[in-house]
Every structure is written in C-alpha cells, then in structure tokens.
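In the order they appear, the protein sequences are chains A and B.
Here the first sequence is numbered in this note's numbering, starting from 1 and rising by one per residue.
Here the second sequence is numbered in this note's numbering, starting from 1001 and rising by one per residue.
These notes are about the structure you will find just below.
2 protein chains.
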Amino acid sequence: MSYQQLSERFQQLHHYRHLLSIAGWDQATMMPAKGNDARANAIAELSGLCHRISTASEVYDWLNAAEQETLTHEQQANLREIKRQLTHAQALPESLVLAQSKAGAKCEHAWRQQRIDNDWAGFAKNLKEVVQLSREEASLRAEQTGLSRYDALMDLYEPGMRSAEVDRVFGDLRQWLPDLIQQVQTQQKSQVITQPQGPFSIEQQKQLGQYAMQLLGFDFDAGRLDVSSHPFCGGVPEDVRLTTRYNTDSFAESLMGVIHETGHARYEQNLPKNWLGQPVAEARSMGIHESQSLFFEMQIARSRSFLSHLAPEISRIFGAQAAFDPENLYQLYTRVEPGLIRVDADEVTYPAHVMLRYEIEQALIEGQIEVEHIPDLWQANMQRYLGLNTAGNYKDGCMQDIHWTDGSFGYFPSYTLGAMYAAQWFHCIQQQLPQVENQIAQGDLGQISQWLNQHIWQQASFLTTPELVQQASGEALNPSYFRQHLENRYLHNLR
Amino acid sequence: MSYQQLSERFQQLHHYRHLLSIAGWDQATMMPAKGNDARANAIAELSGLCHRISTASEVYDWLNAAEQETLTHEQQANLREIKRQLTHAQALPESLVLAQSKAGAKCEHAWRQQRIDNDWAGFAKNLKEVVQLSREEASLRAEQTGLSRYDALMDLYEPGMRSAEVDRVFGDLRQWLPDLIQQVQTQQKSQVITQPQGPFSIEQQKQLGQYAMQLLGFDFDAGRLDVSSHPFCGGVPEDVRLTTRYNTDSFAESLMGVIHETGHARYEQNLPKNWLGQPVAEARSMGIHESQSLFFEMQIARSRSFLSHLAPEISRIFGAQAAFDPENLYQLYTRVEPGLIRVDADEVTYPAHVMLRYEIEQALIEGQIEVEHIPDLWQANMQRYLGLNTAGNYKDGCMQDIHWTDGSFGYFPSYTLGAMYAAQWFHCIQQQLPQVENQIAQGDLGQISQWLNQHIWQQASFLTTPELVQQASGEALNPSYFRQHLENRYLHNLR
C-alpha cells in the first residue's frame, strides 16, 4: 500500500530530524566554540540526506498512488499534509537551496558585526543577494502553487494564509492601534511604579522560572530548561528543550521569556502521541504556535489574577520587597512604552513593529521596492505608528532582526496573528468557564489546559487553520477580540 | 579514483557518527526519562543507515580497486584501517546483529534488577542466549579472519592482539602479583591515614575537577565536563565530552575519575586534525586508549609529586584539613585493599580482577566451559588471586559487570594492557626527561604532553599497535615496567 510506504518514509525522516533537532539544541546551549565546524558539517550532511529521501522520485509515485487508495479520515488529513510538505520540498532546485544557504550564512555572519558598527552600506550589499535569491525562490513557489510571490513564501509558515487576509486584519489594526498607544501612554503617565531592586541571582531566577513552568503544566520528565543567547523552544515533542537568558539586574525578562516558551512547549508536549512522526501530528502553523506562547505569556501570565498568585512565590525566592506587591507587579508587566526594538516591545506596541516589517518585506518580495528603499520606509512607518525617529540609526532600525539576513521572508505576520488568535481563544474560554479568572488566581490551570488540549494541541494538523479556528472558537479569525483585550487591560484597567 | 570515493564514504560516516555520538552523550547526561524511546528509535535508524552504507557492495568494489592504486604512505595506512573496519562490518549477517542487539538489550535490562536481587538463575538464562549468539559471532569472525574464536572478538578492541600474547603477559603477572598484593598489605598495615572530613559540595568538587583538567591540558574550548551515572569520555574529537559522578561524602573518586577521563580526552582532542573522519585518524586501540587514561591517573595523578602540587588547591577549595597534607593524600590514593568490586579496585589488585574475567570469558567463547560453570570458577580465582570468598554472592561476583550482559566479550584485557603500556611510556619519559618528577611537582606537564602527542596522539592509527609501541618506547610491550612501577611505588615507597 503506497500510503503505508509514504508514512514509513516520514517516520524515518522523523527519526533523522530528532537527531538534527537535538544537535541544534546542543549547538546553542552546550557546544564549546571549537566544535562548531564539525557540528555544522554533520548537520549539513544529514539535512542533505533528509532532503534527498523526501524528494526521491519513488516518494511522488507513492503520493500519486496513495491518492487513489481508500483511507480513513485521519489518513486523508495526513496525506494532505504529506502532499503539502512534498510540494514545498520539490519546488526548489538544489542549486538554489545551496546558493541561499551560502548567501544567508554569509549575510547573517557579517550582520553580527555590521549591526554593532551601524554599517548599513555593508549590510545592504549582502542583503541584496539574499533578497535576489528569495525572489527567485518566491517566483518558483508562486509558479508551482498559483499564489502571489509573497504569499507563496508566507505559506511555508502559515499554510493557507494569504496577504489579502493579513491586509484585512492589519488594515483594521492600523485604524485604531496608534490612537490606543497614545491613550494608554497618557493614562499610564500618572502611575508610580516601584522598581524591584537587584541583583537577582541566576540560581534564584531559574528557580522562579521552573516554578512557573510547573504551575503552567510543563512536564519535566519530557523536557528541560537551559540557557542560550537567543531563547527558543526546541528539541522534539517527546523531549522539549526550552531556553532562556538571565540578566542579574532584572528577572522580569527571563520570567516572561520562560513562560512564553512554556506555551510553545506545552503545544509540542501535547501533540497527538499516536501520530508522532507523521506530518499531520505537527503543529498547525507558526501563528497557531505563537498563539500558544502568547496565550501563556499575555493572556495568562501578565494578568492581574496570575500575578497575584505569583507574587508570594517571588517574595519567597528573592526576599520581600515593596515592588513585589501584586498591583505593582501588574503595572510593571503591563507598562506600555514605544521603543525602537521589537523583541523588547510590550504587548500594545508589538503589532506596530510587525506591521511595518510586513509592509516592507511584502513590497520587497513582490519587487515594488529595492533594498536601498528600506531605511526611508522604516523611518516613515516608525514615525507613523510609534512616533519615533530612527533616521540614520540602522542598528536599532532595519538592521535589528535576524529574519531577513537568512531570507526568512513571510514569517513576521505570524507574531501578530498569534496574538490575535490568543485573544480569541481566551475570549472563548471566558465564555465557557466564567470562573476562569478565579482559577488563574488560585494557580489552577487545569480547565484552561484541558480546553487548549482539546481544541488546539490534540488537533495538531488534522484540520486546516480556518477549520481549526472555526471549530475551536465558533468563528473565523476575528481581530476584534485582540482589540477588546488590549482596551480592557490597558484602558479600562481590567484583567 | 576509488580511494577517493572510499574516503568520501568514510567522511560521510564520520558526520553521521558525530550526531550519534552527541545524541548518545545527551542521552546519558541531559535527556529526561520520557525522551528515551524516541531517542533509541532515532539512534537505531541512523545506526542502521551507517551499517548499510558501510557494507554496500560498491564499497567493496572501491576497496578492491583502491588496493591497485598508487597511494602515499599515509593513504596506504588509511586503506589498511578502512579494510579492517569493512572486514569487521561485513562479517556478520544482519539477522545475527539484530538478534544480538535484542538479546543483549533484554539481558542487560533484566540484569539491572537481577543484580540487586542476587538472582543468578534468572540472569544465567538470559546470559546463555547472549553467549550462544556471541559464539556464533566469534565463529563467523574466526572463519573470516583465520583467528581463534576468542581472538576474533578481541581483535575488535585490540587489533592485532592475540591470546597467545595476552597469556604471555598475564602468565608473568600471575607469578608475582598475588605475592606483591600480600607484601604491600603487610607493609601498609602500620600506616595511619587521616580521612578527609566531608561534606564536599558538588560545586566545589567540580571546581577541583576543572582545575585538574586545566592543569592536565584539557582544552575547554573543545570539550566539556558533565555528570552521568556511569562516567565516560564521549563526544567527538573536535568536542570531547567527559563525565563524572559526585558523592558529597568523598571527593577522591570524582577527582581521580575526572583525571582518568581527561587522559582519554587528551588523546581524542589531539588526534591528527587533517585526517579526522578517516579510520586512520582514530585512536589505535582500546588498550592504547586505556594507556592514556591510566597514564594520567596512575602514572601522574597518584604520584607523590602531583599530589604535592595539588594539595594546596584542595585546601583552597575545601578549606584546610590535616588530611590534605601531601603525604597523607599520597597514602590515601595509594592504599591497597583487595575487594570484590573491579571498578572500586586499586592499581595493584585491579589486574587480578581482569585476569580472572579473561580466563573465564576466553574459555566460554572457545566452548570449554558453559555459563553454569562461571560462579565456581569466579569463586576459585578470587580465592587464588585476592584471597576473597564470593560463594553465593553473585551480585558482587560474576554479576557485577555490564560487559557480558550485552556480549562485549574480549574487552577486559584492554584494561590491564593499558596499565602496562602506561608504565612503559612513563619509564621511557623518565629516561628522556630526568627532570620529569620536578616538572610534575611544579604542575608543568608541557614536556610530558609533548612526548605523548608526538609518540601516541598524533600517531593515531598510522602504525599498527606493535609498531607504535616499538617506535614510542624502543621495544615491544614489556610487562616488567608495570611490575617495576608497582614495586617502586608500593614496596619501596618511591613515586
């Protein structure tokens, strides 16, 4: 049976990717410097093998034959996801993949120093090459899928999402967000916030992070918490590895970072066990993934109820401070301040950072602008959305992110889609569980986890994203819940 | 050119084995319990691939063709080692490899509990199956190589070593070792040793271990120190991962354990960089490997000179104690006490543990005895060599080691061969560097490292073992240096 052969091939790929994933995690967390070349070569070798065995001609024969076979509903969903992955895998000639990987590595490597040096001219030269290759990639993918060029790239991260839809929700956002930011700032001016006094030892911060992970249901028998310079959630569903970084002056970032990654981790830890190894058992999309991390970080952890539960533990670990008063913590964790850096942005200004990148990268891939136009567009949009001036400050402007350096165009929308989905899930849960705030305040996340498990985690990729959203929440993606959430929390001082 | 194709295939295998090695290290040091099944499956998948691509028919065609090609001296040595590995790889049908892996896993798994329960009858049942399959393996390998059955297994760990040679050196050992043990015990009776007073925190023990590693030249940019329940030296030559375990009642075991593994690690870290990935760049044999760990542990670290250098650092880390007097430390670290357990044995009684295992496993593989004869033979030999009674105590007798549970017959001699080589190296160095004890006492291991690097590490597998020993020391393996070392240290109170 061809379906069987296909699914065995994907099981094999799953085993190889397990090793790649652990090797990648180790590279970021454990590996000493001199191990890097050998590691990179080993990873490249096995990645190459994975590409070869997933694009081998027999695989397409099996796929064609499997489409004629009688399959269960679940097998059909798996076949749909297999087909999607194979279509993406075969779209590009190996020469382009290699050229991209080389240009991306070169651009990213140089960027690390160029960013420090604010060297836009040097960076632009490499970026042009990356953009050129990404445009080729986009054209090939567009040809194969019938999508627009940008949509063909975005489809890698957000299957089924189109820029028409993104434009719709971002268009809405663009209407009210700049005003909201202004109003919140005016309102928060009168707040007097007490800053926690450090130092906060790494050991204590780790203890607090692990306490939060435990509270949020992370399974420590199936995962770990470690340190890396760029926090991420990696590993494999059976063994999820999340990382954070510590700054002894402040524990706020590591705490919220750990909680954010715990959201990703719980999704991975609760994908359907019986299907692991098959494409249908993978997380639905980057936006849905981000909806889990942001659900945990924004919907739960920055709420008044959760912080009131956490406050005593913070005092227990670091010793009592006036700053650990629950209401003070809440004001700290919901402070809105327009800034230049996306990864430091608060919940309210974050979407502005995403919108401006989306507009630029879309125009860039569609060929409407060139690399040299980026700084002016960046400056104009930062002014428009956040009232900030970045003229000449490239390193805190268009050179701040890693995404474009290696050609990951089409990814940025996932962040804000995730924030919107998260608000929609929480709205839904509030309707179904009127006691939810009380439960959070008591540190009882059982029913919330149950809801997420049933509606998101166990669904994996059995449904398409629109189907998933419809089944979980009874309607399509509706950005009004996100607006309502921000207004409730930041204007009306609720939640 | 066929040689080129062969060497590319081995380069590819090297990359895959890098990932297997890191995944194995992670499994022992980092992996949470629930990750084990997925990890085992992933490792099995890639191991299977490695076996397939190293026994594919084209490989043997390349090998035959390469033997007709004009090669450099070094390429010829590499081809010799390639041939050796391929010969070993193709000796066994896949069905036998699978049956062995299954029987070994079953026997080892059950042994963990059976050992605790002292359940010889239960263990013997599984062991019979393992022995049966190892005999089949030995017959096939013997047929292919023309060696005796036991020699064909030992050749996997000690290329070129034969039981005739082992019998020669062990025969010598058997003459004088039991007497020496008695004499040393009599002499040491009058010693009054002050025991260090714990607890010794893990953090402090780690600090001491890292200090010793640094002193012994371990490159921390190309390796790490971690914790595992069974200490080992793993990873890859570019990134050597060694492990230890800590007991807060005593730091002696972790310190000497770390130094032992550092010997393995320096060998790996200093294999010839330009040849990494090729069989000729691998360590020469398990015995030569053990000669490095035992050189560092026995020849250097348990010497009076080294301990006098280390004593101030021990006091600095743990605080001053009378027990940290250099002469007291020396007496502690050179105490001889016959015991039941091999891994706890001192330098003098250790070879007795090895000899008795060698005699039993050789007879077992050659079919001269059966599994049910093991306990009586064990009891007889323990009585003969160490004057100890193990009757009925299987768990501290013939059930104590992991080696036989998974069919690793032929490995034990490497331990004592290593101890003998180590003594031979040190003798040689003493001849060439009369100031060596002074250098050790000053913590200056530069010239010692240089000698090892030139004569052992950089030689990798370019020479056969007898050639290596001859070139390094000017003569063949000569067990009299080991005897001389033990008598000097333990009878004459030197070194």
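Think of the CB as a built atom: it goes at the ideal place given N, C-alpha and C, for glycine as much as any other residue.
Here the structure is a predicted model, which is why all the values come from computation and not from measurement.
- Query: Does any CB atom of chain B fall closer than 9 Å to the CB of Tyr16 of chain A?
  - Reply: In the first sequence, residue 16 of chain A corresponds to position 16, counting from 1. With 9 Å as the cut-off, Tyr16 of chain A counts as an interface residue toward chain B.
- Query: Arg384 of chain A: which of A:Ser95, A:Asp179, A:Arg266 sits nearest, CA to CA?
  - Reply: As a first step, residue 384 of chain A must be located in the first sequence, where it is residue number 384. Of the candidates A:Ser95, A:Asp179, A:Arg266, the one whose C-alpha sits nearest the C-alpha of Arg384 of chain A is A:Asp179.
- Query: Taking only beta-carbon atoms, is Glu94 of chain A less than 9 Å away from chain B?
  - Reply: Stepping through the first sequence from its first residue, residue 94 of chain A is reached at position 94. Output row for Glu94 of chain A: interface = no.
- Would you say Leu276 of chain A reaches chain B, if we count a Cβ-Cβ gap shorter than 9 Å as a contact? Locating residue 276 of chain A in the first sequence gives position 276, counting from the first residue. Judged by the 9 Å Cβ criterion, Leu276 of chain A is in contact with chain B.
- Listed in chain order, which residues of the region 218 to 229 of chain A have Cβ atoms closer than 8 Å to some Cβ of chain B? Asp219, Phe220, Asp221, Ala222, Gly223, Arg224
- How should Ala476 of chain A be labelled, buried or exposed, when 16 other C-beta atoms within 10 angstroms of its C-beta is the threshold for buried? For this step, residue 476 of chain A is matched to residue 476 along the first sequence. Exposed: under 16 other Cβ atoms inside 10 Å.
- Query: With 16 as the cutoff for other CB atoms within 10 Å, does Phe220 of chain A come out buried or exposed?
  - Reply: Counted from its first residue, the first sequence places residue 220 of chain A at position 220. Exposed: under 16 other Cβ atoms inside 10 Å.
- Query: When you compare only the Cα positions, how much space is there between Met31 of chain A and Glu372 of chain A?
  - Reply: Counting from 1 along the first sequence, the entry for residue 31 of chain A is found at position 31. Counting from 1 along the first sequence, the entry for residue 372 of chain A is found at position 372. Their backbone Cα atoms lie some 38 Å apart in a straight line.
- Query: Can at least three beta-carbon pairs, one atom from the region 1229 to 1247 of chain B and one from the region 455 to 471 of chain A, be found at a separation below 8 Å?
  - Reply: Contact fails: fewer than three Cβ-Cβ distances are below 8 Å.
- Item | Residue of A:Asn274, A:Glu487, A:Asn381, A:Phe123 minimising C-alpha distance to Gly104 of chain A | Here the question's residue 104 of chain A lines up with position 104 in the first sequence. Looking from the CA of Gly104 of chain A, the closest CA among A:Asn274, A:Glu487, A:Asn381, A:Phe123 belongs to A:Phe123.
- Task: Put Thr1416 of chain B into one of helix, strand or coil per three-state DSSP.
- Result: Position 416 of the second sequence, counted from the start, is the residue given in the question as residue 1416 of chain B. Reduced to three states, the DSSP call for Thr1416 of chain B is helix.
- How would you list, in chain order, the residues of chain B whose beta-carbon sits under 7 Å from the beta-carbon of Ala38 of chain A? Along the first sequence, one-based indexing puts residue 38 of chain A at 38. Under the 7 Å cutoff, chain B gives His1018, Val1236, Glu1238, Asp1239.
- Mind checking which residues open and close the alpha helix (DSSP H) that includes Gly24 of chain A? By one-based count along the first sequence, residue 24 of chain A stands at place 24. Element bounds for Gly24 of chain A: 2 to 29.
- Any beta-carbon of chain A closer than 9 Å to the one on Ile1043 of chain B? Residue 1043 of chain B sits at position 43 when you count from the first residue of the second sequence. Interface residue, yes.
- Can you find a CB in chain A that lies within less than 9 Å of the CB of Gly1209 of chain B? As a working note, residue 1209 of chain B is residue 209 in the second sequence. Answer no: the Cβ-Cβ gap between Gly1209 of chain B and chain A never drops below 9 Å.
- Task: Measure the Cβ-Cβ separation of Ser1254 of chain B and Gly1223 of chain B and say whether it is below 9 Å.
- Result: Taking the first residue of the second sequence as position 1, residue 1254 of chain B is located at position 254. Taking the first residue of the second sequence as position 1, residue 1223 of chain B is located at position 223. For Ser1254 of chain B and Gly1223 of chain B, no; Cβs fall outside 9 Å.
- Message: For Leu1046 of chain B, would you say it is in contact with chain A, using Cβ-to-Cβ distances shorter than 9 Å as the test?
- Response: Here residue 1046 of chain B refers to the residue found at position 46 when the second sequence is read from its first residue. Yes, Leu1046 of chain B counts as interfacial toward chain A.
- Does DSSP classify Arg1224 of chain B as helix, strand or coil? To locate residue 1224 of chain B, count along the second sequence from 1; it is residue 224. The answer is strand: DSSP assigns Arg1224 of chain B an E or B state.
- Query: Which term fits Met1 of chain A, buried or exposed, when burial requires 16 or more other beta carbons within 10 angstroms of its beta carbon?
  - Reply: Translated into the one-based positions of the first sequence, residue 1 of chain A becomes position 1. Answer is exposed; the Cβ neighbour count stays below 16.
- For the beta strand (DSSP E) that contains Cys1050 of chain B, what are its first and last residues? By one-based count along the second sequence, residue 1050 of chain B stands at place 50. Counting along the chain, Cys1050 of chain B sits inside no beta strand (DSSP E); it lies in the alpha helix (DSSP H) bounded by residues 1036 to 1054.
- Task: Find the nearest neighbour of Leu494 of chain A within the set A:Tyr330, A:Pro479, A:Thr390, judged by alpha-carbon distance.
- Result: If you number the first sequence from 1, residue 494 of chain A lands on position 494. Comparing Cα positions, the closest option is A:Tyr330.
- Touching by the beta-carbon criterion (3+ pairs, under 8 Å), the region 180 to 196 of chain A and the region 431 to 450 of chain A: no
- Message: Considering Cα atoms alone, identify which of A:Arg115, A:Thr70, A:Gln204, A:Gln27 is closest to Arg39 of chain A.
- Response: Here residue 39 of chain A corresponds to residue number 39 of the first sequence, with the count starting at 1. When only C-alpha atoms are compared, the closest one is A:Gln27.
- Return the first residue and the last residue of the alpha helix (DSSP H) that Cys107 of chain A is part of. Counted from its first residue, the first sequence places residue 107 of chain A at position 107. It spans 94 to 117 - the alpha helix (DSSP H) in which Cys107 of chain A sits, taken as one unbroken run.
- Under 8 Å from the C-beta of Lys1034 of chain B: neighbouring residues of chain A: Looking up residue 1034 of chain B in the second sequence gives position 34. By Cβ distance, chain A contributes Asp219, Asp221, Ala222, Glu238, Asp239.
- Query: How far does the alpha helix (DSSP H) with Thr1087 of chain B in it reach, from first residue to last?
  - Reply: For the purposes of this step, residue 1087 of chain B is identified with residue 87 of the second sequence, where counting begins at 1. Looking at the DSSP string, the run of the alpha helix (DSSP H) that includes Thr1087 of chain B is 1073 to 1090.
- Message: Any beta carbon of chain A sitting closer than 9 Å to that of Asp1396 of chain B?
- Response: Within the second sequence, the letter at position 396 stands for residue 1396 of chain B. No - not a single Cβ of chain A is within 9 Å of the one on Asp1396 of chain B.
- Euclidean distance between Cα positions of Trp1054 of chain B and Lys1106 of chain B: As a first step, residue 1054 of chain B must be located in the second sequence, where it is residue number 54. As a first step, residue 1106 of chain B must be located in the second sequence, where it is residue number 106. For the sequence presented, residue 1054 of chain B should be read as Ser rather than Trp. Straight-line Cα distance between these residues: approximately 27 Å.
- Query: What does a CB cutoff of less than 8 Å around Gln12 of chain A pick up in its chain, not counting 5 residues either side in sequence?
  - Reply: As a working mapping, residue 12 of chain A is identified with position 12 in the first sequence. Correct list, in chain order: Ile53.
- Task: Identify which residue in A:Val184, A:Ser228, A:Gln362 has its Cα closest to the Cα of Ala164 of chain A.
- Result: Here residue 164 of chain A is taken as the residue at index 164 of the first sequence, counted from 1. The shortest C-alpha separation from Ala164 of chain A is found at A:Gln362.
- Message: For a quick check, are the C-beta atoms of Leu1063 of chain B and Leu1006 of chain B less than 9 Å apart?
- Response: Position 63 of the second sequence, counting from 1, holds the residue named residue 1063 of chain B. Position 6 of the second sequence, counting from 1, holds the residue named residue 1006 of chain B. Closer than 9 Å, so yes.
- Residues of the region 429 to 444 of chain A with a CB closer than 7 Å to any CB of chain B: list them in chain order, please. none
- Three-state secondary structure assigned by DSSP to Cys398 of chain A: Numbered from 1 along the first sequence, position 398 holds the residue referred to as residue 398 of chain A. Residue state, collapsed to three classes: coil.
- Task: Provide the residue(s) that pair with Asp1239 of chain B in DSSP beta bridges, ordered along the chain.
- Result: For the purposes of this step, residue 1239 of chain B is identified with residue 239 of the second sequence, where counting begins at 1. In the DSSP assignment, Asp1239 of chain B is bridged to B:Val1236.
- Query: Is the region 274 to 290 of chain A close to the region 304 to 313 of chain A, with three or more CB pairs under 8 Å?
  - Reply: no
- Could you name the residues of chain B that Gln12 of chain A contacts, counting a contact when the two beta carbons are closer than 8 Å? Residue mapping note: residue 12 of chain A aligns to position 12 of the first sequence, counting from 1. Chain B residues near Gln12 of chain A: Glu1045.
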